[in-house]
Amino acid sequence: MMVSSLMVTDFSLVWMLIAIPAVMAGLLLSLGKVTNSFGHFLATLAPLASFTLAVMYFLDLWGKPVGERTVDIPLYTWISSGSWQIEAGLLIDPLSILFVLLITGVGSLIHIYSLGYMAHDPHRRRFFAYLNLFIAAMLLLVLANNYLVLFVGWEGVGLASYLLISFWQEKPSAAAAGKKAFIVNRVGDMGLLIAAFTMLAMFSSTSFVDVSAGADMLSPGWATFIGIMLLVGACGKSAQVPLQSWLLDAMEGPTPVSALIHAATMVTAGVYLVVRSGAIFEQSPIAQLAVAIVGTVTLLVGAWIGCSKDDIKKVLAGSTMSQIGYMMLAAGIGPAGYAFAIFHLLTHGFFKANMFLGAGSVMHATNDDVDMRHYGALRQVLPITFVTFAMGYLAIIGFPMFAGFYSKDHIIEAAFHGQPILGVLALIGAGVTAFYMTRLMMMTFFGQSRWRQGVHPHESPAVMWIPLVFLAIGSLIGGMALNSWIGSWLAPIGAEVGEHTSWLPAITPIGLITMAVVGCGVALGWLLFKKDIPDTAPQKVSIFTTIGRNDLFGDVVNDYAVVKPAELLSRAVATTDEKGITPGIEGFGRFVETLGTKLRVIQNGYVRTYGLTMVIGIVFLGLFLLLSRLV
Amino acid sequence: MTSLYAVLAVILFTIGLIGFLIRRNALVVFMCVELMLNACNLLFVAFSSHHGVLDGQMAAFFVMVVAAAEVVIGLSIIVMITRTRRSTSVDAENVLKG
Amino acid sequence: MSILVITGTEVVFWICAVLAILGAIGLISFSKPVYSALCLALVMISLAVIYASLGAPFLMAVQIIVYTGAILMLFLFVIMLVGVDSTDSITETLKGHRVAVGLAGVGVLALLVLGVLQGVVGQGLGVDVTNTAAGGNVQGLAELIFSRYVIAFEATAALLITAAVAAMVLAHPEQIKKKIGQKERAEERLQAFTSSGKHPGPKPNSGVFARHNSIATPALLPDGSVAENSVSEILASRVTIATGEQLWEAHDEVLLALETADGELDEDEDEDLDEADDKEGSDD
Numbered sequence: 075m076m077v078s079s080l081m082v083t084d085f086s087l088v089w090m091l092i093a094i095p096a097v098m099a100g101l102l103l104s105l106g107k108v109t110n111s112f113g114h115f116l117a118t119l120a121p122l123a124s125f126t127l128a129v130m131y132f133l134d135l136w137g138k139p140v141g142e143r144t145v146d147i148p149l150y151t152w153i154s155s156g157s158w159q160i161e162a163g164l165l166i167d168p169l170s171i172l173f174v175l176l177i178t179g180v181g182s183l184i185h186i187y188s189l190g191y192m193a194h195d196p197h198r199r200r201f202f203a204y205l206n207l208f209i210a211a212m213l214l215l216v217l218a219n220n221y222l223v224l225f226v227g228w229e230g231v232g233l234a235s236y237l238l239i240s241f242w243q244e245k246p247s248a249a250a251a252g253k254k255a256f257i258v259n260r261v262g263d264m265g266l267l268i269a270a271f272t273m274l275a276m277f278s279s280t281s282f283v284d285v286s287a288g289a290d291m292l293s294p295g296w297a298t299f300i301g302i303m304l305l306v307g308a309c310g311k312s313a314q315v316p317l318q319s320w321l322l323d324a325m326e327g328p329t330p331v332s333a334l335i336h337a338a339t340m341v342t343a344g345v346y347l348v349v350r351s352g353a354i355f356e357q358s359p360i361a362q363l364a365v366a367i368v369g370t371v372t373l374l375v376g377a378w379i380g381c382s383k384d385d386i387k388k389v390l391a392g393s394t395m396s397q398i399g400y401m402m403l404a405a406g407i408g409p410a411g412y413a414f415a416i417f418h419l420l421t422h423g424f425f426k427a428n429m430f431l432g433a434g435s436v437m438h439a440t441n442d443d444v445d446m447r448h449y450g451a452l453r454q455v456l457p458i459t460f461v462t463f464a465m466g467y468l469a470i471i472g473f474p475m476f477a478g479f480y481s482k483d484h485i486i487e488a489a490f491h492g493q494p495i496l497g498v499l500a501l502i503g504a505g506v507t508a509f510y511m512t513r514l515m516m517m518t519f520f521g522q523s524r525w526r527q528g529v530h531p532h533e534s535p536a537v538m539w540i541p542l543v544f545l546a547i548g549s550l551i552g553g554m555a556l557n558s559w560i561g562s563w564l565a566p567i568g569a570e571v572g573e574h575t576s577w578l579p580a581i582t583p584i585g586l587i588t589m590a591v592v593g594c595g596v597a598l599g600w601l602l603f604k605k606d607i608p609d610t611a612p613q614k615v616s617i618f619t620t621i622g623r624n625d626l627f628g629d630v631v632n633d634y635a636v637v638k639p640a641e642l643l644s645r646a647v648a649t650t651d652e653k654g655i656t657p658g659i660e661g662f663g664r665f666v667e668t669l670g671t672k673l674r675v676i677q678n679g680y681v682r683t684y685g686l687t688m689v690i691g692i693v694f695l696g697l698f699l700l701l702s703r704l705v
Numbered sequence: 089m090t091s092l093y094a095v096l097a098v099i100l101f102t103i104g105l106i107g108f109l110i111r112r113n114a115l116v117v118f119m120c121v122e123l124m125l126n127a128c129n130l131l132f133v134a135f136s137s138h139h140g141v142l143d144g145q146m147a148a149f150f151v152m153v154v155a156a157a158e159v160v161i162g163l164s165i166i167v168m169i170t171r172t173r174r175s176t177s178v179d180a181e182n183v184l185k186g
Numbered sequence: 123m124s125i126l127v128i129t130g131t132e133v134v135f136w137i138c139a140v141l142a143i144l145g146a147i148g149l150i151s152f153s154k155p156v157y158s159a160l161c162l163a164l165v166m167i168s169l170a171v172i173y174a175s176l177g178a179p180f181l182m183a184v185q186i187i188v189y190t191g192a193i194l195m196l197f198l199f200v201i202m203l204v205g206v207d208s209t210d211s212i213t214e215t216l217k218g219h220r221v222a223v224g225l226a227g228v229g230v231l232a233l234l235v236l237g238v239l240q241g242v243v244g245q246g247l248g249v250d251v252t253n254t255a256a257g258g259n260v261q262g263l264a265e266l267i268f269s270r271y272v273i274a275f276e277a278t279a280a281l282l283i284t285a286a287v288a289a290m291v292l293a294h295p296e297q298i299k300k301k302i303g304q305k306e307r308a309e310e311r312l313q314a315f316t317s318s319g320k321h322p323g324p325k326p327n328s329g330v331f332a333r334h335n336s337i338a339t340p341a342l343l344p345d346g347s348v349a350e351n352s353v354s355e356i357l358a359s360r361v362t363i364a365t366g367e368q369l370w371e372a373h374d375e376v377l378l379a380l381e382t383a384d385g386e387l388d389e390d391e392d393e394d395l396d397e398a399d400d401k402e403g404s405d406d
């Protein structure tokens with residue numbers, strides 16, 4: 075209370091949070107080469123400034139009574155049309171401020187990390203400008219007070235994601251990956267837009283407040299429709315089945331991008347959307363179940379892919395899908411799961427960013443090699459990376475007292491209470507997670523060195539390992555610190571305060587079973603991968619591995635379901651154009667041309683003939699006037 | 089009496105018009121235009137006399153002034169065209185041909 | 123009872139009308155622009171006389187001074203610039219043009235006569251009364267020009283200024299190419315010499331002989347032949363240029379005449395000449 079009374083926080087300045095990085099991005103992009111030498115430092119200051127502001131606002135909110143923690147900041151009337159009036163405004167409440175802290179906090183760390191990671195890239199300024207653009211768009215997304223403003227941020231992060239995935243645009247694979255992400259995201263955007271328009275039709279408003287207030291009156295059919303459409307939007311942005319295929323390709327982007335956008339922040343926007351729209355989902359058990367099922371399926375698919383990949387970033391990408399699947403599962407359980415979804419989202423933001431940046435550090439040490447079969451025994455040469463990575467590892471498998479232990483166990487438990495089948499599947503997922511993460515650790519840091527020739531691993535510079543240390547601390551204590559607090563903090567947005575809210579791990583039967591399953595996974599991973607690992611990926615592998623290596627044939631499915639029919643349709647349209655429309659138009663053109671050629675003879679170019687024509691015209695006109703008078 | 093003047097003016101005008109359409113030398117064409125203007129002036133003066141007011145003479149005076157300006161511009165254009173094309177024929181300028 | 127009273131005005135009209143129509147026909151039928159211009163002058167002067175008889179002495183003066191004097195002189199100047207000799211071909215090149223023009227002319231004539239004559243209503247009054255009331259034709263016009271027509275009059279001032287400036291701009295020759303100086307010319311000549319062997323120096327002078335010193339006389343080359351380029355091309359096309367033989371013939375004639383003219387020639391001098399001849403012969 076003392077803190078808040080001392081601080082003069084003016085909530086009308088919340089837009090500054092977004093404006094600082096946005097203006098910085100605009101400056102860097104428009105000033106061009108001038109800022110080449112110092113632009114990246116400026117760009118790093120932007121999220122730090124936003125973070126400072128966010129901390130101030132957070133403390134201020136904390137100091138307020140529980141009922142007053144939601145602050146709506148209207149900015150201006152965006153669209154005014156008939157009875158509809160859409161106000162662009164921002165909303166600060168316990169949910170959005172947590173996101174703002176995560177985005178600006180992890181964002182700042184990743185900016186700092188990028189100072190080292192991108193030090194020698196010729197387009198460093200552009201990279202930082204895009205990062206700032208992303209931060210601004212993501213903040214707009216979470217601070218919006220209605221679905222349409224949220225959509226602007228939603229598209230903004232999509233754009234930033236596209237620009238950053240294809241940042242090394244000279245690589246055809248990166249360019250293609252960017253386009254894939256952009257196009258797959260369009261499908262989800264369509265879902266979100268349809269949902270927003272339906273809300274506009276139903277409630278004459280898209281603001282969260284109005285939607286929550288009006289949701290009770292909604293018929294179950296409409297509620298399910300809106301819910302499913304929101305889920306489609308969430309699936310696109312959060313890479314959930316069936317719109318998961320872009321995330322693995324998105325690893326073509328620079329590693330800090332993968333850490334910030336494709337692990338910690340943007341891909342969790344779907345979870346945010348579902349939690350934000352809790353009022354709608356509560357009206358429709360079917361939509362809730364759909365969310366939970368999508369989450370569970372993705373959780374298993376991601377884990378499966380994680381088990382079969384040799385590319386360290388793709389293993390982590392699969393793992394990200396899987397962890398977001400957990401969050402969706404939690405969000406699909408209903409109010410009981412919201413807090414756990416956000417809790418896991420926050421802890422995941424720490425430990426996955428930590429591991430991605432760790433992977434970046436490993437790649438930095440091995441000349442950008444991403445194949446884990448070319449690693450091995452890196453723990454001696456990369457001690458800091460190893461230790462921090464290990465923190466992330468322990469957090470993700472749910473080792474007691476680490477971050478993931480609290481958040482993930484809560485989800486599994488909640489799932490058992492809600493849908494026991496989903497709970498069992500989530501439990502299996504936890505075991506598989508332990509297995510593939512152990513495999514990753516073993517292949518990267520233990521065993522024999524299988525380094526390529528000319529690779530001399532070395533520890534990264536301080537500017538890179540300091541963010542790692544911060545994130546590792548987050549992975550270590552994030553769970554303990556938030557466990558007792560997050561449930562009550564999120565209560566105003568509809569989360570139910572769960573049990574076991576002390577910082578001490580609670581001993582429950584399901585918790586024990588989970589620990590056992592995780593232990594099995596770790597043991598299996600250790601037993602299988604402590605032996606020598608072949609240099610090249612073996613070709614004689616089980617059908618499961620083949621399926622996993624091919625991303626569960628997601629691309630093939632997309633190809634046959636969407637790409638091929640679209641190609642056929644465009645070919646049909648092209649043929650119609652060529653055979654039907656073009657000859658018609660050309661025929662008309664030829665007719666006009668022939669007519670012109672015939673008429674051209676009249677224009678013989680002799681002034682005297684024109685004069686004569688004029689005089690004849692005058693004579694006729696005079697005759698006409700004369701005759702008309704006679705008549 | 090005025091009818092006679094009017095008929096004379098019309099005859100002169102028609103001759104000018106025919107010359108305008110027949111002759112190819114830009115200078116002669118231009119002179120034909122002057123002839124037509126003069127025919128009009130004659131009509132003005134004749135009608136001025138017919139009605140017993142001076143406004144017709146005034147109009148003829150203004151026609152003369154405008155004709156002077158027109159001749160100055162027209163002749164300089166002809167000089168320019170002659171300088172670049174080495175011909176005063178109006179048929180030679182059939183760059184208008186479509 | 124009908125007494126044919128012929129007034130002065132009518133006499134003037136009939137004389138001038140015939141002259142004006144003849145002039146107009148001449149204007150469109152002469153093939154030389156100069157004749158056309160003179161015919162136009164005839165038309166204009168006839169009209170000036172008609173103006174005078176119609177009680178418009180001021181317009182008569184203006185017609186003669188401005189039209190005949192200034193405008194027509196301008197025409198003549200331009201004809202001079204373009205070329206006095208230029209003759210137009212009178213033959214028509216456009217098929218059926220003349221016939222069509224004739225028909226159109228008849229149509230216009232008929233229509234105009236019909237139309238204009240409709241405007242002649244009542245008895246002619248004459249402007250004499252008006253002129254007298256104003257204290258003269260010029261005074262009457264002056265009153266009108268500075269009262270009812272003052273704005274039109276001021277506008278004509280602007281028009282004339284504009285026309286004068288425009289004429290200056292239009293007639294001013296533009297320097298399209300770079301000006302060629304002495305240096306460039308010298309370079310050009312040497313260039314021509316290296317490429318086509320054209321002699322870079324000046325052409326030879328025309329020949330100068332005792333009996334022929336006109337510029338139409340060609341110079342002789344050492345071998346006795348004529349230096350063709352010593353006579354201007356224009357002269358060469360007009361007069362026949364003497365050949366080398368013709369020139370020598372005259373020379374021989376003179377020598378013969380000198381040799382046969384005895385008495386006056388001294389023996390000594392004769393010897394001197396012989397000696398000189400001998401000297402030349404020995405040198406050979």
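Order-wise, the sequence lines are chains A, B and C. Residues in the first sequence are numbered from 75 upward in steps of one, following our numbering. Residues in the second sequence are numbered from 89 upward in steps of one, following our numbering. Residues in the third sequence are numbered from 123 upward in steps of one, following our numbering. Where is the CB? At the ideal position from N, CA and C, for every residue including glycine. Everything numeric in this text was worked out from a predicted model, so none of it was measured.
Own chain, CB closer than 6 Å to residue i, minus 5 neighbours either side, in chain order
i	result
A162 (chain A)	L149, Y150, W152, V223
A99 (chain A)	A203, N206, L207
G265 (chain A)	M303, V306, G307
S136 (chain B)	G144, Q145
Cβ-Cβ separation, residue j to residue i (assumed contact under 8 Å), whole Å
i	j	result
M538 (chain A)	T339 (chain A)	Contact doesn't hold; Cβ gap of about 20 Å is too wide.
A415 (chain A)	M401 (chain A)	5 Å
M516 (chain A)	Y467 (chain A)	Incorrect: roughly 11 Å between the Cβ atoms, too far for contact.
P168 (chain A)	R143 (chain A)	6 Å
L122 (chain A)	F544 (chain A)	That pair is no contact at about 13 Å.
S131 (chain C)	S175 (chain C)	A small correction: the amino acid at residue 131 (chain C) is Thr; Ser does not occupy that position in the sequence shown. At roughly 5 Å, the Cβ-Cβ gap stays under 8 Å, so T131 (chain C) and S175 (chain C) are in contact.
H185 (chain A)	T118 (chain A)	4 Å
Beta-carbon contacts of residue i that lie in its chain and below 8 Å, excluding the five residues immediately before and after
i	result
A398 (chain C)	Low confidence applies to A398 (chain C): its pLDDT is 48, below 50, so where it sits in the model is not reliable, and the reading given next is rough at best. So the list is empty, once near-sequence residues are dropped.
Cutoff 7 Å; reference residue i; Cβ partners in own chain excluding five residues on either side
i	result
A270 (chain A)	Y221, L222, F225, T280
V77 (chain A)	In this predicted model, V77 (chain A) has a pLDDT of only 43, less than 50, meaning its place in the structure is not dependable; the value taken from the coordinates is given anyway. The answer, listed in chain order, is L133, G137.
Secondary structure of residue i, DSSP reduced to three states
i	result
L80 (chain A)	Interpretation of L80 (chain A) is limited by its pLDDT of 42, a score under 50 that renders its predicted location unreliable; the figure taken from the coordinates is listed afterwards. Reduced to three states, the DSSP call for L80 (chain A) is helix.
T362 (chain C)	coil
L456 (chain A)	coil
D284 (chain A)	helix
A162 (chain A)	strand
L149 (chain A)	strand
Proximity below 9 Å, CB of residue i to CB of residue j
i	j	result
F529 (chain A)	N441 (chain A)	This sequence places Val at residue 529 (chain A); Phe is not what is there. Yes, Cβ-Cβ distance for V529 (chain A) and N441 (chain A) is below 9 Å.
S435 (chain A)	L542 (chain A)	yes
A353 (chain A)	S286 (chain A)	yes
A288 (chain C)	S91 (chain B)	no
F519 (chain A)	L586 (chain A)	no
Proximity to residue i [Cα-Cα], best of the options
i	options	result
R526 (chain A)	A:K672, A:D445, A:A536, A:F256	A:D445
T178 (chain A)	A:N624, A:F256, A:P95	A:P95
Closer than 8 Å: residue i CB and nearest the ligand COA heavy atom
i	result
L369 (chain C)	In terms of ligand content, the structure shown is empty, and the ligand COA therefore cannot be addressed.
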